[in-house]
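In this note's numbering, the protein residues as written are 117 to 400. Here's the structure we're looking at; comments come further down.
See below:
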């Protein structure tokens with residue numbers, strides 16, 4: 117039987133140890149700061165990135181892996197033999213990463229490497245929570261078709277909400293689109309954002325103050341989960357204290373069977389900025 121591998125990219129913000137433990141291969145995106153180029157999560161950690169962000173006048177820029185980066189990854193995993201690969205990536209509405217992976221897929225087909233590329237239509241650990249679910253199912257012995265079905269299912273069912281401290285980074289990075297016009301420069305307005313079925317950022321609501329924003333997000337998620345068990349995660353941009361508070365509130369209200377706390381890495385951090393909190397989950 118051909119081996120099966122799970123691949124994602126660094127914007128999934130999966131903690132390194134967890135990725136290693138589950139055999140997940142992570143292809144890094146690149147971050148460019150003041151004429152220096154770094155590999156997301158490899159040559160630049162989240163902590164280092166947020167320090168640089170505070171001290172740099174220029175907004176960092178980001179770039180996706182090239183098709184050849186994916187070709188090399190797929191070939192290395194297959195190791196000269198036929199293989200099956202599930203490759204799950206950052207929303208195509210936000211990045212060309214999926215496109216690079218799809219090009220690479222066509223370039224390795226003749227080597228007997230069967231790659232299935234998925235647009236997660238998500239960002240940060242809302243990609244990671246899907247990838248981790250699929251990798252665990254692989255370890256439990258699910259076959260290729262079952263894993264493909266599970267991937268589609270988790271992409272469709274995973275809920276995610278972001279609370280950003282400021283819209284500055286999303287506006288500068290051009291990732292907010294029409295949502296930007298919904299917000300004035302009113303003091304302490306906290307936009308609550310999500311990703312729609314096309315994987316585009318949209319504004320769910322705007323409230324005054326972080327407490328109200330968190331309360332709203334908890335309301336959306338409890339409405340979604342009802343009384344079912346959930347797999348949940350929180351990713352944060354240099355905001356661990358608030359992330360831990362949010363975790364406590366989630367645990368009070370939800371029946372959480374699996375939970376991961378993680379950093380929003382440099383690439384997503386470039387576009388959302390420090391202080392951002394994101395919470396994601398799916399029911400089981």
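Positions of the beta carbon are idealized from the N, C-alpha and C atoms, including for glycine.
Inset, instruction - Alpha carbon to alpha carbon, how far is residue 218 from residue 226? Give it in angstroms, no decimals. - result: Sequence index remark: in the chain shown, residue 226 carries index 110 (1-based). Sequence index remark: in the chain shown, residue 218 carries index 102 (1-based). Those two C-alpha atoms are separated by around 14 Å.
Legend entry - Nearest-angstrom Cα separation, counted from residue 392 out to residue 200: Indexing the chain shown from 1 puts residue 200 at position 84. Indexing the chain shown from 1 puts residue 392 at position 276. Between residue 200 and residue 392, the C-alpha separation is close to 36 Å.
Legend entry - Complete runs of the beta strand (DSSP E) confined to the stretch 294-381 [at least 3 residues]: 305-311, 317-324, 345-352 and 371-379
Inset, instruction - Please classify residue 394: does DSSP put it in a helix, a strand, or coil? - result: On the chain shown, position 278 is the one that residue 394 refers to. In the structure shown, residue 394 sits in a strand (DSSP, three-state: E or B).
Inset, instruction - Would you kindly work out how many angstroms separate the C-alpha atoms of residue 337 and residue 275, rounded to a whole number? - result: Against the chain shown, residue 337 aligns to sequence position 221. Against the chain shown, residue 275 aligns to sequence position 159. Residue 337 and residue 275: Cα-Cα distance of roughly 8 Å.
Inset, instruction - Quickly, what does DSSP pair residue 275 with across the bridge? List them, please. - result: Residue mapping note: residue 275 aligns to position 159 of the chain shown, counting from 1. 397, per the DSSP bridge assignment.
Legend entry - residue 125 classed as buried or exposed, judged by whether at least 16 other C-beta atoms fall within 10 angstroms: Translated into positions along the chain shown, residue 125 becomes position 9. When all chains shown are included, residue 125 counts as buried.
Inset, instruction - Check each candidate in 241, 250 and 215 and name the one with the smallest Cα separation from residue 233. - result: Walking along the chain shown from the start, residue 233 turns up at place 117. It is 215 whose Cα lies nearest to the Cα of residue 233.
Inset, instruction - Report yes if the CB atom of residue 385 is closer than 8 Å to the CB atom of residue 162, and no otherwise. - result: As a first step, residue 385 is located in the chain shown; it is residue number 269 there, counting from the start. As a first step, residue 162 is located in the chain shown; it is residue number 46 there, counting from the start. Cβ atoms of residue 385 and residue 162: closer than 8 Å.
Legend entry - Identity of the residues DSSP links to residue 152 by a beta bridge: For the purposes of this step, residue 152 is taken as residue 36 along the chain shown, with counting starting at 1. Its beta-bridge partners are 149.
Inset, instruction - Inspect the beta-carbon positions of residue 356 and residue 334 and report whether they are closer than 8 Å. - result: Within the chain shown, the letter at position 240 stands for residue 356. Within the chain shown, the letter at position 218 stands for residue 334. No.
Legend entry - Selection from 119, 118, 210 and 122 that minimises the alpha carbon distance to residue 313: The residue labelled residue 313 in the question sits at position 197 within the chain shown. Cα-wise, what sits closest to residue 313 is 210.
Inset, instruction - May I have the straight-line CA-CA distance separating residue 323 from residue 352, to the nearest angstrom? - result: Here residue 323 is taken as the residue at index 207 of the chain shown, counted from 1. Here residue 352 is taken as the residue at index 236 of the chain shown, counted from 1. Straight-line Cα distance between these residues: approximately 19 Å.
Inset, instruction - Report yes if the C-beta distance between residue 281 and residue 212 is below 8 Å; otherwise report no. - result: Locating residue 281 in the chain shown gives position 165, where the first residue counts as 1. Locating residue 212 in the chain shown gives position 96, where the first residue counts as 1. Not closer than 8 Å, so no.
Inset, instruction - For residue 132, name the three-state secondary structure that DSSP assigns. - result: Translated into the one-based positions of the chain shown, residue 132 becomes position 16. DSSP places residue 132 in helix when its eight states are reduced to three.
Legend entry - Given 8 Å, three or more beta-carbon pairs between the stretch 368-380 and the stretch 130-147: Judged by Cβ distances under 8 Å, the stretch 368-380 makes contact with the stretch 130-147, as three or more pairs qualify.
Inset, instruction - Take residue 306 and list the residues in its own chain whose beta-carbon comes closer than 8 Å to its own, dropping the five residues that flank it on each side. - result: For the purposes of this step, residue 306 is taken as residue 190 along the chain shown, with counting starting at 1. Excluding residues within five positions, the ones whose Cβ falls inside 8 Å are 279, 280, 281, 322, 323, 324, 325, 326, 328 and 329.
Inset, instruction - Flag this pair as touching only if the stretch 182-201 and the stretch 154-171 have three or more C-beta atom pairs under 8 Å; answer yes or no. - result: Pairwise C-beta distances place the stretch 182-201 out of contact with the stretch 154-171, as fewer than three of them are shorter than 8 Å.
Legend entry - Assigned secondary structure, residue 280 (DSSP; H/G/I helix, E/B strand, else coil): Working through the chain shown from its first residue, we reach residue 280 at position 164. Of the three classes helix, strand and coil, the one that applies to residue 280 here is coil, per DSSP.
Inset, instruction - Pull up the distance between the alpha-carbon of residue 167 and that of residue 317, whole angstroms please. - result: Taking the chain shown and counting its residues from 1, the one referred to as residue 167 is at position 51. Taking the chain shown and counting its residues from 1, the one referred to as residue 317 is at position 201. Computed Cα separation, rounded: 26 Å.
Inset, instruction - Have a look at residue 223 and residue 344 and give me their C-alpha separation to the nearest angstrom. - result: For this step, residue 223 is matched to residue 107 along the chain shown. For this step, residue 344 is matched to residue 228 along the chain shown. Cα-Cα distance, rounded: 43 Å.
Inset, instruction - Could you tell me whether the stretch 177-186 touches the stretch 239-253, where touching means 3 or more Cβ pairs closer than 8 Å? - result: No contact exists between the stretch 177-186 and the stretch 239-253.
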